[in-house]
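> Chains as they are written, first to last, in the working numbering: chain F, 378 to 584; chain S, 18 to 353; chain D, 39 to 432; chain P, 6 to 185. Glycine included, each C-beta is placed from N, C-alpha and C at the ideal position. This structure is a prediction, so every number in the text was calculated from the model and none was measured.
#1: Counting contacts by CB-CB distance shorter than 8 Å, is residue 478 of chain F in contact with chain D?
#2: Is the beta carbon of residue 501 of chain F less than 8 Å from the beta carbon of residue 541 of chain F?
#3: Could you say if the region 370 to 385 of chain D and the region 289 to 301 of chain D meet the contact criterion of at least three C-beta pairs nearer than 8 Å?
#4: Can you list the residues of chain D that residue 9 of chain S reaches, using a CB-CB cut of under 8 Å?
#5: If you measure from the beta carbon of residue 148 of chain S to each beta carbon in chain C, is any gap under 8 Å?
#6: Output, in chain order, the set of chain S residues within a Cβ distance shorter than 7 Å of residue 25 of chain P.
#7: Are the C-beta of residue 193 of chain D and some C-beta of chain F separated by less than 8 Å?
#8: Which of the three DSSP states is assigned to residue 427 of chain F in this structure?
#9: Going by C-alpha distance, which of F:419, F:397, F:428, F:436 is nearest residue 409 of chain F?
#10: Considering just the uninterrupted stretch of the alpha helix (DSSP H) at residue 80 of chain D, what are its terminal residues?
#11: Count the other C-beta atoms from every protein chain shown that fall within 10 angstroms of the C-beta of residue 171 of chain D, then say buried if there are 16 or more, exposed otherwise.
#12: In chain order, what residues of the same chain have a beta carbon less than 7 Å from the beta carbon of residue 320 of chain D, not counting five sequence neighbours either side?
#13: Taking all protein chains shown into account, do 16 or more other C-beta atoms lie within 10 angstroms of the C-beta of residue 37 of chain S, making it buried, or fewer, making it exposed?
#14: Quick check: what's the CA-CA separation for residue 395 of chain D versus residue 430 of chain D?
#15: Contact criterion: CB-CB distance below 8 Å. Does residue 430 of chain D meet it with respect to chain S?
#16: For the region 306 to 336 of chain S, which residues have a CB atom closer than 9 Å to at least one CB atom of chain D, in sequence order?
#17: Pick helix, strand or coil for residue 469 of chain F, following the three-state DSSP scheme.
#18: Tell me the residue span of the alpha helix (DSSP H) that contains residue 414 of chain D.
#19: Can a CB atom of chain D be found closer than 8 Å to the CB of residue 194 of chain S?
#20: Is the shortest distance between the beta-carbon of residue 447 of chain F and the beta-carbons of chain D less than 8 Å?
#21: For residue 208 of chain D, which beta-bridge partners are listed by DSSP?
#22: From which residue to which residue does the alpha helix (DSSP H) around residue 445 of chain F run?
#23: DSSP on residue 220 of chain D, reduced to helix/strand/coil?
#24: Which residues mark the beginning and the end of the beta strand (DSSP E) in which residue 368 of chain D is found?
#25: Closest to residue 171 of chain S by CA distance: which of S:204, S:347, S:227 is it?
#26: With distances taken Cα to Cα, identify the nearest neighbour of residue 74 of chain S among S:309, S:99, S:261.
#27: Return the chain-ordered list of same chain residues with a C-beta closer than 8 Å to the C-beta of residue 268 of chain S, the five sequence neighbours on each side being excluded.
#28: Can you tell me whether residue 527 of chain F is helix, strand or coil according to DSSP?
#29: Tell me the DSSP bridge mates of residue 394 of chain D?
#30: Going by DSSP in three states, residue 299 of chain S sits in which element: helix, strand or coil?
#31: Does DSSP put residue 168 of chain D in a helix, a strand or coil?
#32: If we cut at 8 Å on Cβ distances, does residue 79 of chain S have a partner in chain D?
#33: Along the region 39 to 57 of chain P, where does the CB come closer than 8 Å to a CB of chain S? Name the residues.
#34: Apply the 10 Å Cβ neighbour rule to residue 190 of chain D and answer buried if 16 or more other Cβ atoms are within range, or exposed otherwise.
#35: Kindly list, in the order they appear in chain S, the residues whose Cβ is closer than 7 Å to that of residue 69 of chain D.
#36: Could you tell me if residue 132 of chain P is buried or exposed, where buried requires 16 or more neighbouring beta carbons within 10 angstroms of its beta carbon?
Now the structure itself:
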């Protein structure tokens with residue numbers, strides 16, 4: 378996979394000396410699953426998976442990470458109707474990322490599996506035959522991003538009314554309320570209290 | 018003319034008795050329930066202790082709009098509460114308050130009570146079916162299945178009493194319990210049936226009575242968390258009040274029957290003759306109060322059973338036990 | 039055969055077609071046992087459920103979209119509205135994630151305060167369960183007793199945060215200066231209100247007492263056992279497959295508690311047991327929650343002894359800007375694993391915020407578990423899953 | 006001894022009889038003409054209740070209450086449960102409106118039955134009067150039932166079984182419908 382975000386490191390190149398525990402774990406997990414790459418930042422392990430290998434990789438990973446936590450998607454878009462845009466729109470490749478997190482139930486291990494799905498062919502295999510809990514998550518991703526999950530027989534809207542038009546979590550979907558009345562933005566963010574200089578003796582006030 | 022006057026007086030007295038007793042029981046339920054839940058309960062209505070709360074509730078219900086669903090069978094829907102209320106009111110007719118204080122001393126008093134009280138099922142089924150609501154229908158069916166299942170142990174428990182007393186007249190049954198059973202020297206002992214080997218019968222009767230009343234732990238017909246309010250779901254205003262009154266009236270009625278059949282009715286050791294007529298109602302009311310409190314207590318303590326558990330309890334426990342009870346009592350009667 | 043007879047025949051054929059014994063029962067969205075606006079479309083055969091299709095979304099507020107147009111500080115006001123029964127607990131993982139993203143660490147005292155309030159929120163949430171669950175089975179009295187005790191917890195939360203349900207108390211790098219702590223115009227960080235710890239430990243004594251009361255009133259009650267033991271059994275593998283977490287998972291015999299296995303705040307410094315039960319039925323789910331109240335009491339007692347003095351806020355820049363990155367932050371909420379996956383492209387607002395809400399995942403098992411159950415068991419099972427609709431719909 | 010019409014109307018008991026009998030007859034009529042099965046059953050209840058009331062008027066209290074307990078309280082209720090569980094639509098049920106070629110023989114049969122029973126009753130009792138308001142002792146009835154009439158009594162109890170079977174038969178789908 379060539380279009381992984383910049384934080385991603387190719388699995389074969391990670392033989393650096395100063396690897397954190399999470400990074401070591403990420404590297405070994407990626408190798409065991411035969412995934413294309415991984416990234417580790419802020420203790421969050423992401424493992425990149427080919428779209429075609431999506432289902433089997435996750436099923437294989439569930440041997441050691443049996444807890445199906447959630448499934449969702451990210452819309453990487455150069456332009457956004459509302460909210461924060463991407464940092465470098467000119468180099469970004471527009472795509473969906475389908476993300477699914479599995480975790481261990483014995484220790485802190487866990488990983489987010491990421492598969493890239495092109496926007497013009499937004500479909501990926503469904504996890505429902507293997508994880509009953511995936512059905513609702515996939516339905517949600519389907520209605521919010523218009524990603525098809527092949528094999529999920531019940532891809533009807535979960536939250537939205539049946540006659541709803543549009544896919545709200547797409548970056549191209551405007552927030553109607555914002556159109557009517559602009560949000561004041563961060564003007565009303567309350568000022569942070571000045572702490573370190575004159576904080577009270579905390580215990581003193583409590584007796 | 019005398020007959021008609023007496024009839025009118027009896028009807029009025031009966032109605033007042035039923036109304037006041039159910040209002041008192043409603044109040045008792047409000048108060049006892051709230052104290053069991055560490056609440057105060059009604060407090061303001063009426064000035065002191067919120068005694069007028071049941072009246073105020075009744076007035077509130079009376080002035081509410083009497084709604085009926087569009088798809089309902091209006092006639093049946095309208096008649097259902099009356100059928101239920103009628104069947105509970107009729108019970109009071111035969112309950113003896115004293116040796117001479119009984120509206121109608123029927124030769125077949127017990128039989129009459131059982132026959133009439135079985136009619137309330139009809140009203141409930143009518144209500145459930147005619148409401149055009151699935152919850153109502155399920156509630157009505159549950160009620161009917163439940164009442165039929167518990168009618169049997171109830172009847173069988175009563176049969177044991179009839180066997181022991183040798184009469185179906187309620188007055189006769191009370192008198193049988195006031196008869197001298199044995200003497201300790203010069204001291205004559207009269208015991209109610211519950212102390213004469215009818216403990217099992219009494220327990221079966223009370224369990225079946227609570228089930229007939231559709232109260233917790235047998236309140237599946239109106240199970241709020243499952244069927245919203247069961248067959249009562251669509252009722253409002255005065256018709257709802259009828260069901261509501263009917264429930265409490267039959268609580269009093271069945272307690273009175275239980276007190277009469279098992280606890281000696283208006284009888285009390287040492288109270289005889291005219292005194293029995295004067296003190297009889299008070300004694301009976303005291304006994305009813307104990308039973309009513311028991312029923313209230315159970316309600317505020319237990320959860321509800323499941324429909325199948327209720328059925329299996331009736332068919333696998335209560336009915337065999339009731340049959341055993343009859344056999345024991347009959348054997349007892351033959352031997353002594 | 040005359041034409042009249044033919045017509046009659048066809049009429050009766052139609053009426054036979056319509057007499058299917060299956061009835062479609064719409065439970066909710068306004069129904070006492072659905073805790074709000076959940077709707078179940080159930081195909082029932084008498085009282086037996088053949089199939090059930092949960093319909094959610096009546097409370098969908100689009101928090102994931104809203105979060106994309108709000109700054110990190112503003113989002114904290116949203117997230118405690120997800121699971122309002124334990125509002126504070128939903129804030130914690132988010133704020134921890136943002137702090138991780140920004141490289142800020144809250145002072146130790148603030149961490150302890152978060153821990154205490156999280157546990158108070160857990161007790162409050164579990165008390166709601168303990169009160170409402172017997173109610174769904176028909177017992178009304180435990181409701182009053184445990185809600186009365188919950189009031190003491192809510193008062194404590196209000197005393198510190200100013201809000202009973204929506205505290206909005208966390209700030210990036212610490213907690214808000216406590217309500218009632220003194221003037222906030224002097225721009226100094228105020229501490230907890232005077233006497234808070236004393237009142238907390240008094241409340242903890244009450245919690246022990248109410249647990250004992252509930253034990254005698256509910257736990258040992260034969261009828262409660264008849265209704266719940268062996269009902270709605272979730273085997274551990276199914277629980278994991280459907281992403282059940284929290285007490286629901288622990289009742290299936292999986293002792294998975296993020297406070298132990300992926301410790302955050304200062305949970306590694308306190309001693310407590312992870313409550314788990316092997317049965318996986320409704321009764322076990324109830325018992326796990328009841329015992330967790332006791333464990334939370336234990337944790338809070340230790341925290342009161344161990345809390346250090348110090349500032350409540352770390353130094354943070356006035357305008358909060360996160361670096362580029364992905365962070366998944368999770369915490370053990372009263373209802374289970376609560377997580378936020380924050381994707382930042384640099385800037386004041388997240389590029390994407392995925393909220394892993396607990397009740398949503400816990401409810402995904404409904405169609406599987408309700409199949410073939412009785413309607414009274416439906417109530418028992420749904421109640422035992424302890425969901426909040428705001429948490430399901432987000 | 007024959008009574009004139011005026012004498013007949015002077016008697017309060019006869020008025021009571023009319024008050025009970027007319028609704029009973031009407032309910033019986035509606036039972037067979039009603040288009041809705043539940044309503045038909047409810048009319049049957051009214052007609053049975055009227056019958057019970059007539060029995061009580063005649064002093065046969067035990068029989069009267071037996072009709073209430075067994076027929077209304079048990080048979081009808083079981084029947085109602087049976088049809089409500091399976092098919093109890095509100096409103097008009099087309100299935101119940103019979104063609105004329107069914108109605109006419111039924112009416113003829115009914116009239117014939119009435120004539121036969123009426124003739125038999127009049128033939129047996131003619132003008133003998135029944136003393137009003139003197140209930141039969143239940144004990145006597147019991148003695149008779151359990152000595153002379155014990156076998157008919159047991160046979161009659163099959164009526165409950167018949168009600169159950171009838172309920173099942175109604176609930177079953179017709180052969181041209183799908184089998185459960």
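Taking the definition as stated:
#1: yes
#2: no
#3: yes
#4: Nothing in the structure corresponds to residue 9 of chain S, since chain S is present only between 18 and 353.
#5: Absence of chain C from the displayed structure is noted, the protein chains being F, S, D and P.
#6: Near residue 25 of chain P there are no residues of chain S at all, since even the closest Cβ is about 16 Å away, more than 7 Å.
#7: no
#8: coil
#9: Comparing Cα-Cα distances from residue 409 of chain F to each of F:419, F:397, F:428, F:436, the minimum goes to F:436.
#10: Unbroken run through residue 80 of chain D is the beta strand (DSSP E), 77 to 83; no alpha helix (DSSP H).
#11: buried
#12: 266, 269, 270, 418, 419, 422
#13: exposed
#14: 7 Å
#15: no
#16: 316, 317, 318, 319, 320, 321, 322, 323, 324, 325, 326
#17: coil
#18: 413 to 423
#19: no
#20: yes
#21: Per DSSP, D:213.
#22: Taken as a continuous stretch (DSSP letters only), residue 445 of chain F belongs to no alpha helix (DSSP H), being part of the beta strand (DSSP E) at 444 to 453.
#23: A caution first: residue 220 of chain D carries a pLDDT of 46, below 50, which makes its placement in the model too unreliable to give a value.
#24: 360 to 371
#25: Minimum Cα distance to residue 171 of chain S is reached at S:227.
#26: S:261
#27: 39, 42, 230, 232, 309, 312
#28: strand
#29: D:377
#30: helix
#31: helix
#32: Between residue 79 of chain S and chain D, the shortest Cβ-Cβ separation is not below 8 Å.
#33: 41, 43, 44, 47, 50
#34: buried
#35: 245
#36: exposed
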